[in-house]
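The sequence shown lines up with residues 1 to 366 when you count with the UniProt record's numbering.
As structure tokens, the structure follows; a few thoughts come after it.
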Amino acid sequence: MLIQTDTTSRLNSIKEKVENNERLSMEDGLFLYNSDDLLTIGELANQANLRKNGKKTYFVENMSLYFTNVCEATCAFCHFKRKPGQEGAYTKSPMEMVEFVNEHITPNVKEFHITGGHNTEVPFDYYVESIKTLKEHFPNVTIKAYTGAEIEFFSRQSGLSYKEVLSQLKDAGLSSLTGGGAEILSERYRKKMSVNKATTEQWLDVHRNAHSLGIPTHATMLYGSIETLEERLQHMVYLRELQDETNGFLVFIPLAVQPKKVDSKITKRTSAVEDLKTIAISRLMLDNFQHIKSYFITLGTQVAQLALNFGASDIHGTLVEERISHSAGALSPKGLTRDELVYLVKEANRIPVERDTLYNELKVYE
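Shown next as structure tokens:
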């Protein structure tokens with residue numbers, strides 16, 4: 001009886017904090033992760049989101065581009081990368097990518113989402129020229145490109161500082177950084193998972209430099225493998241502290257880790273309960289982030305839709321042919337149409353809003 005009373009008292013204390021816009025502690029987050037009261041956690045996150053965004057739920061018509069899958073890193077969770085000369089390895093020239101885009105682009109695409117490998121076979125100028133060429137051929141499409149880890153790699157490769165690398169990319173046409181490369185911001189995790197790329201501090205410092213140059217960025221968290229709950233929450237706190245400092249993050253994107261094969265057993269995947277709880281706790285912990293994304297690629301469309309009532313205010317985008325998560329074991333579609341996204345949002349009793357990369361509203365679907 002005492003344990004039950006203590007649990008109820010603690011949950012009521014957290015409710016009071018949320019209602020009064022008070023910041024939650026790591027201990028509060030850990031309590032919520034260990035709580036069985038999923039619906040109350042979801043209700044609190046929904047309340048926090050409605051206060052920030054009302055019923056508006058955002059999406060963008062975007063297109064995923066992968067210039068190269070050749071990579072020096074050896075991350076244990078990655079099934080996308082190839083070594084130089086390995087079967088399936090590729091590196092597209094800027095003009096080859098222009099040809100690919102011309103073959104696949106739809107008239108309403110507003111964003112190129114670009115990530116790839118840390119390819120030591122090409123110079124930094126290749127990455128700059130890739131952005132510049134795309135911008136010259138598709139001037140009305142916003143370019144969101146490269147992860148914090150890729151920027152750290154470009155810095156090592158070129159001998160330039162993070163700020164110099166970012167400045168050259170911005171001059172070439174870059175508008176925003178993607179959120180990848182963060183994985184879990186814990187050195188124990190990064191060592192265990194062979195994340196031999198940007199360290200926690202390096203990843204954060206790249207984003208700090210981007211924000212100082214007026215380049216807004218995204219932030220991700222790859223959860224569901226060997227990380228502890230405390231490490232997930234510390235990851236959020238690191239982001240929250242940097243957002244307090246710079247206010248340069250646009251959105252937080254929790255990514256459920258994918259198994260090696262599409263036919264992997266259900267026990268190799270995160271559960272819907274864990275996914276919804278992580279979305280909700282992200283919303284509650286990251287009080288200074290405007291948006292939490294429900295990423296249908298890793299969640300699946302129905303859980304992603306449900307997450308809109310658990311604190312998420314963004315359902316990502318059309319994503320013409322996503323490859324990285326699907327090279328592992330993602331079961332979701334490789335892309336959705338605008339009509340499908342609008343349907344998913346409306347059926348969740350939300351208002352679909354088509355946006356651009358920077359969350360400027362382009363069309364509201366009342």
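The beta-carbon is built from N, C-alpha and C at its ideal position, and this holds for glycine as well.
Small disclaimer: the values here were computed from a predicted structure and weren't measured.
Contact defined as beta carbons within less than 8 Å: I believe residue i pairs with residue j. What is the distance between those atoms, to the nearest angstrom?
i	j	result
N46	G311	6 Å
N21	S313	About 17 Å; that fails the 8 Å criterion.
L284	A48	6 Å
P254	T278	5 Å
N69	G117	5 Å
Y66	T106	Not quite, the Cβ-Cβ distance comes to about 18 Å (not below 8 Å), so this is no contact.
From the DSSP output, read off the bridge partner residues of residue i.
i	result
T142	E111
A219	F252
R82	V70
Y58	D314 and V353
V364	V353
T91	T68
L177	T217
K293	D314
Report yes if the CB atom of residue i is closer than 7 Å to the CB atom of residue j, and no otherwise.
i	j	result
L344	A307	no
K363	E354	yes
I143	S175	yes
S294	I281	no
K135	G85	no
S155	Y162	yes
H113	N62	yes
E150	Y189	no
G248	V60	no
I351	K110	no
E152	A198	yes
F296	F252	no
Tell me the rounded alpha-carbon separation between residue i and residue j.
i	j	result
G181	D287	22 Å
K83	V257	22 Å
H326	T178	Note that H326 scores 38 on pLDDT, short of 50, meaning its location in the model is unreliable; the coordinates nonetheless yield the value given after this. Taking the straight line joining both Cα atoms gives about 18 Å.
K17	Y126	49 Å
A210	D6	44 Å
Q202	G159	15 Å
V165	N108	30 Å
residue 380	N12	The question about residue 380 has no answer here: the residues shown for the chain are numbered 1 through 366.
T246	S212	7 Å
T200	A219	13 Å
E19	E129	49 Å
L250	H291	7 Å
Q168	L239	25 Å
Y33	G42	12 Å
M193	V101	34 Å
T298	Y58	18 Å
Y223	R51	27 Å
D36	T8	12 Å
R269	E361	34 Å
G329	D205	For G329, the pLDDT reaches just 39, beneath the cut-off of 50, and the residue's location in the model is therefore unreliable, although a value from the coordinates is still provided. Between G329 and D205, the C-alpha separation is close to 31 Å.
Does any residue of chain C have a CB that is nearer than 7 Å to the CB of residue i?
i	result
V101	Among the chains of the structure shown, chain C does not appear; only one protein chain is present.
Spatial neighbours of residue i within its chain, please: C-beta separation below 7 Å, excluding the five flanking residues on both sides.
i	result
A272	V303
T133	P94, M95 and V98
R10	F31
L38	V273, L276 and K277
A348	Q305, L308 and N309
E187	T199 and T200
D339	none
Spatial neighbours of residue i within its chain, please: C-beta separation below 6 Å, excluding the five flanking residues on both sides.
i	result
I14	D28
H235	I184, L185 and M221
H207	G148 and T217
F124	F154, Q157 and S158
Y365	V342 and P352
residue 444	Only positions 1 to 366 of the chain appear in the structure, and residue 444 is not among them; the question remains open.
L331	The predicted model places L331 with a pLDDT of 42, which falls under 50 and marks its position as unreliable; any figure quoted below should be read in that light. Nothing meets the Cβ criterion.
K92	F67
So, for residue i: in the same chain, excluding its five sequence neighbours on each side, which residues have a beta-carbon less than 8 Å away from its beta-carbon?
i	result
E215	The sequence shown places Ile at residue 215, rather than the Glu named in the question. The residues are L166, K170, L174, S175, S176, L177 and G248.
M26	E230, L233, Q234 and V237
D244	N288
T337	T318
L358	T142, S175, S176, P216 and L250
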